[in-house]
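**Q** Residue numbers (our numbering): 162 to 390. Even for Gly, the Cβ is constructed at its ideal location relative to N, Cα and C.
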Amino acid sequence: MSPRVLVVDDEPAIVDGVGYALRNEGFDVDTAANGEEALAAARSDGYDLVILDLMLPRLSGLEVARTIRGESAVPIIMLTAKDAEVDRVLGLELAADDYVTKPFSMAELLSRVRALLRRRELDRSDAGQPVRQLGGLRLDLARHQVMVGDRTVQLTPLEFKLLAFLAQEPERVFSRKEIMQELWESPYVGDQRACDFHISNVRRKIEEDPSRPERLLTVRGVGYTLVGA
């Protein structure tokens, strides 16, 4: 069965272009032009991925993403119209798995779509994987569960993949390019600010004080590392 994707944007040219590209790659595509339509569609049909514009009439993309994430683990890619909105996304506890800034390369978007869908399939099939413990941080790879002390942390599929990747080699410093290539499973990494976006979201969830991280550290000019704390 072809993967089902919901594309939500109030710009017909975006909807038509993205829909055409996805259908050409064999995806089953539905579309919506506003937040209310998007939420109704997401609730009534089982989608494998949602591509969602940040600024929508009737109900904003942020509200739609939060509502969907509260009801489903379906991967969400957020479309932003300008760089200023990226800062807005980064500053929020957004339930999206990724973002792409308009105007975007269709090749880049398709690469992100494929990576998230591959991760979704792995999430469904992983079994018998080890548990990794780094100080007070515990990753159960079979259950896709993260604990900080006795607190369960809710991560999106891509955030979990990022954390598990860093946990493979604690204290090793990974470059942003290495992290992005792992997340997208492709040498094409696009806008590397997406790496900072996901790092920021993971920190908010695993650190006691995200402004003074003790587990997920930045090595200035090099990249990021995960240490036991």
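Measure the beta-carbon distance from ILE367 to VAL314 and round it to whole angstroms, keeping in mind my assumption that it falls under 8 angstroms.
**A** 6 angstroms
**Q** Do you know how far the Cα of GLU332 is from the Cα of LEU220?
**A** 43 angstroms
**Q** Report yes if the C-beta distance between LEU213 and ALA257 is below 9 angstroms; otherwise report no.
**A** yes
**Q** Near LEU278, which residues of its chain fall below 7 angstroms by C-beta distance, leaving aside the five closest residues on each side in sequence?
**A** PRO164, ASP209 and LEU210.
**Q** Can you find the residues in the same chain that come closer than 8 angstroms, C-beta to C-beta, to ARG280, ignoring five residues on each side of it along the sequence?
**A** PRO236, PRO318, LEU319 and LYS322
**Q** Could you check where the beta strand (DSSP E) with GLU259 kicks off and where it finishes?
**A** This sequence places Asp at residue 259; Glu is not what is there. First-last of the beta strand (DSSP E) with ASP259: 259–262.
**Q** Compare the beta carbon distance of ALA202 and LEU167 with 9 angstroms and say whether it is the shorter of the two.
**A** yes
**Q** Please go through the same chain and pick out, in chain order, the residues whose beta-carbon is closer than 8 angstroms to the beta-carbon of GLY196, but skip the five residues on each side of it.
**A** Excluding residues within five positions, the ones whose Cβ falls inside 8 angstroms are VAL169, LEU217, PRO218, ARG219, LEU220, SER221, GLY222, GLU224 and VAL225.
**Q** So VAL307 packs on THR386, CB below 8 angstroms; how close in whole Å?
**A** Actually they do not touch by this definition, with Cβ atoms about 17 angstroms apart.
**Q** Identify which residue in THR379, VAL380 and HIS305 has its Cα closest to the Cα of ALA234.
**A** The shortest C-alpha separation from ALA234 is found at HIS305.
**Q** Grab the span of the beta strand (DSSP E) containing ASP214 for me, first residue to last.
**A** 210–214
**Q** So the alpha helix (DSSP H) VAL334 belongs to, where does it begin and stop?
**A** Run containing VAL334: none; DSSP gives neither H nor E here.
**Q** Based on the DSSP secondary-structure assignment, which residues constitute the bridge partners of VAL314?
**A** Per DSSP, the beta bridge partners of VAL314 are VAL307.
**Q** Within 10 angstroms of its Cβ, does TYR181 collect 16 or more other Cβ (buried), or is it exposed?
**A** exposed
**Q** If you count every other CB in all the chains shown that lies within 10 Å of the CB of ALA199, and 16 or more means buried, which is it?
**A** buried
**Q** Answer yes or no: do ALA268 and TRP345 have a C-beta to C-beta separation smaller than 9 angstroms?
**A** no
**Q** Which of the three DSSP states is assigned to LEU253 in this structure?
**A** Unreliable positioning characterises LEU253 in this predicted model, as indicated by a pLDDT of 49, which lies under 50. The coordinate reading is nonetheless provided below. DSSP places LEU253 in coil when its eight states are reduced to three.
**Q** Does DSSP put SER341 in a helix, in a strand, or in coil?
**A** Correcting the residue identity first, residue 341 is Met in this sequence and not Ser. Note: MET341 maps to helix in three-state DSSP.
**Q** Is THR241 closer than 9 angstroms to LEU215 when the C-beta atoms are compared?
**A** yes
**Q** Is GLY296 closer than 9 angstroms to SER336 when the C-beta atoms are compared?
**A** No, Cβ-Cβ distance for SER336 and GLY296 is not below 9 angstroms.
**Q** Under a three-way DSSP split, which group does ALA234 fall into?
**A** coil
**Q** Please work out which residues of its chain come closer than 6 angstroms, Cβ to Cβ, to CYS356, disregarding the five sequence neighbours upstream and downstream, and give them in chain order.
**A** ARG337, ILE340 and MET341
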